[in-house]
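Here's the structure we're looking at; comments come further down.
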Amino acid sequence: MALYSFSSARFCTSKFPICFHIPKPSKFPFFSNRSISFQKVPTKSPLPLQSSSTQLQPMEEFPPKLQEIIKLFQSVEEPKAKYEQLMFYGKNLNPLDTQLKNKENKVEGCVSQVWVRAYLDEDKNVFYQADSDSVLTKGLAALLVNGLSGRPAKEILRVSPDFAVLLGLQQSLTPSRNNGFLNMLKLMQRKALELLIEAEKGNGSSGNGQIENDNSEKPVENSNSDSKVDENSGVRFGSRKSNEDSSNGLGGRGMRIKEKLERELSPIELEVEDVSYQHAGHAGVRGSDGETHFNVRIVSKEFEGKSLVKRHRLIYGLLDEELQTGLHALSIVAKTPSEVEAN
Amino acid sequence: MQKSGQLRKILTEKGIVKKETLEDRLRSLISSSPVMLFMKGTPDAPRCGFSSKVVNALKDEGVSFGSFDILTDDEVRQGLKVFSNWPTFPQLFYKGELIGGCDIVLELRNSGELKATLSE
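Printed below as a string of structure tokens:
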């Protein structure tokens, strides 16, 4: 599909929001041949694209519909217009059955309520449905639903959260909305993986790599903005306690942090997670190579008898060099073994 | 003239009275309110997720607090990190003593100790 031409129908300005209600959607170049519904649509062959940036995941790896959406957002530079485009998506999102609005389908960490549901069709392609109580988050959900539906789970899992940067929505969305968007993507990827595993189990073939549970109580997977999700490595979700380290996907700084803390504090539990991508667009991240924001969870005897402030200071002290060279923020959970047992 | 601070200003300019050092300035900022928050942005418009969480926690507990926007003053921003030996913001002080950053404040709030800590 060629690049959309905008001469005939410009993005509507705020004066005429009603232009989105024109009954013949085919008049809009960006919706030609495509309706926002969840029937199976014949998939087109991947578009011949040049990747728009070299550090982020190459465009060709994204599901074709997602590529189209990204290009659409990139070709519209005005944040306001992007915002309105989102609103349009949201208005056209089909509502979800109330029964499906359950805890399993709820996106955690989102300012509004958002539910996502995933199912497989006969060809083992993943389809999504979503709903939300706010139009904007509906729009974000619809964007993802449209971009990711109808594709095999593996392709969906390969999508790195970086693509959000390509949409150029950062300025239009508050940090918590950006965060919610990423959590939506995560939930969708997680569901895709679950469906894939169930399907493969049903076929009697072995599962798709190991699934490890980790200590994290947050619905965030351990992914580094520089690495893709590799199906053969552990993918993390769930919040059961275990003694495994989640060192997958950590870059140089992440590893150094881990090593230092291990060496100096002999922890019985240690988890270091790079969450820099959640803060993309933040002043501390711009101009760096990532690895600016980390979550650290550490359980060690060394903390006994120390106040919270002292514990954190201890950790900051050990990581002083990192803090001087670009580490911007640390979220620390520091407990003693007895405190952990008490829970 | 002394009351309006003009006297001090003139004496300072004339080199008669020592200029307030950064440290003095920090100390007086920290003690300008019993509960004092150094954050990014203002309580009504935080410019950082962590700062925003602390503001919300304090508001939820009904604690009144003073605040300083470190984005407006780089000298304070860098100086305070050294002074309190704490590399990140937000920083919450009570009666001149560092209580901690976002994680600590939230943990105190979750264990029900926040209000008590800020009123002993």
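Chains B and H are the protein sequences, given in the same order.
Okay, so the first sequence: first residue is 6 according to this note's numbering, each after it adds one.
Okay, so the second sequence: first residue is 1465 according to this note's numbering, each after it adds one.
Glycine included, every Cβ here is placed at the ideal spot set by N, Cα and C.
Just so you know, these numbers come straight off a predicted model, no measurement behind them.
- Lys315/B carries a helical assignment under DSSP once its states are collapsed to helix, strand and coil.
- Less than 8 Å divides the Cβ of Val338/B from the Cβ of Asp1567/H.
- At the C-beta level, Ala158/B and Leu198/B come within 8 Å of one another.
- The C-beta separation of Val280/B from Val301/B comes to about 10 Å, leaving the pair out of contact by the 8 Å criterion.
- Within chain H, the residues whose beta carbon sits less than 7 Å from that of Leu328/B are Pro1551, listed in sequence order.
- Comparing alpha carbon positions, the residue from Val1519/H, Leu1535/H and Glu1584/H closest to Gly1565/H is Val1519/H.
- Rounded to whole angstroms, Gln62/B and Val170/B show a C-alpha spacing of 11 Å.
- Within the stretch 169-182 of chain B, the residues whose Cβ lies closer than 9 Å to some Cβ of chain H are Pro180 and Ser181, listed in chain order.
- Straight-line spacing of the CA atoms in Ala147/B and Gly95/B works out to 6 Å.
- Against chain H, the CB of Ile337/B has a partner CB under 8 Å away; the residue lies at that interface.
- Between the alpha carbons of Val112/B and Leu149/B lies a distance of about 13 Å.
- For Ile1568/H, the secondary structure class from DSSP, reduced to helix, strand or coil, is helix.
- Counting the other Cβ atoms within 10 Å of the Cβ of Gly144/B gives 16 or more, which makes it buried.
- With fewer than 16 other Cβ atoms inside 10 Å of its own Cβ, Gly1526/H counts as exposed.
- In the same chain as Asn130/B, and ignoring 5 residues on each side of it, the C-beta atoms closer than 7 Å to its own belong to Gly155, Arg156 and Pro157, in chain order.
- In this structure, DSSP gives Gln1542/H a helical state, which the three-state scheme calls helix.
- For Glu309/B, the CB contacts under 8 Å within the same chain, skipping 5 residues up- and downstream, are Thr341 and Ser343 in chain order.
- At a cut-off of 8 Å between beta carbons, Phe1514/H contacts chain B.
- Within the model, the alpha-carbon separation for Leu201/B versus Gln104/B is close to 23 Å.
- Here Pro1551/H is near Leu328/B, since their CB atoms are less than 8 Å apart.
- Remark: C-beta atoms of Asp1524/H and Lys1504/H do not approach each other more closely than 8 Å.
- The DSSP-derived three-state label of Val81/B is coil.
- For Phe186/B, the three-state secondary structure derived from DSSP is helix.
- The beta carbon of Thr1581/H sits closer than 8 Å to those of Tyr1558, Ile1563 and Leu1572, all from its chain and outside the five residues before and after it, given in chain order.
- Bounds of the beta strand (DSSP E) holding Ser1531/H are Gly1530 to Asp1533.
- Collapsing the DSSP output to three states places Thr179/B in coil.
- If you draw a 10 Å sphere on the C-beta of Lys108/B, you find fewer than 16 other C-beta atoms in it, and that means exposed.
- Considering only beta carbons, no part of the stretch 1515-1537 of chain H lies closer than 7 Å to chain B.
- Taking Glu1584/H as reference, the option from Ser1516/H, Val1499/H and Arg1491/H with the minimal CA-CA separation is Val1499/H.
- Within the stretch 1550-1571 of chain H, the residues whose Cβ lies closer than 8 Å to any Cβ of chain B are, in chain order, Trp1550, Pro1551, Thr1552, Leu1562, Ile1563, Gly1564, Gly1565, Cys1566, Asp1567, Ile1568 and Glu1571.
- About 14 Å separates the CB atoms of Glu274/B and Ile320/B; that is not less than 8 Å, and the two are not in contact.
- In this structure, Leu1570/H sits away from Gln1555/H, with a CB-CB distance that is not shorter than 8 Å.
- Taking 7 Å as the Cβ-Cβ cut-off, the stretch 299-331 of chain B approaches chain H at Leu313, Val314, His317, Arg318, Tyr321 and Leu328, given in chain order.
- Each residue's CA atom was taken as its position, placing Lys265/B and Ser1516/H some 30 Å apart.
- For Met1500/H, the uninterrupted beta strand (DSSP E) segment begins and ends at Val1499 to Met1503.
- Residue environment: Met64/B is assigned as buried (16 or more neighbouring CB atoms within 10 Å of its CB, all protein chains considered).
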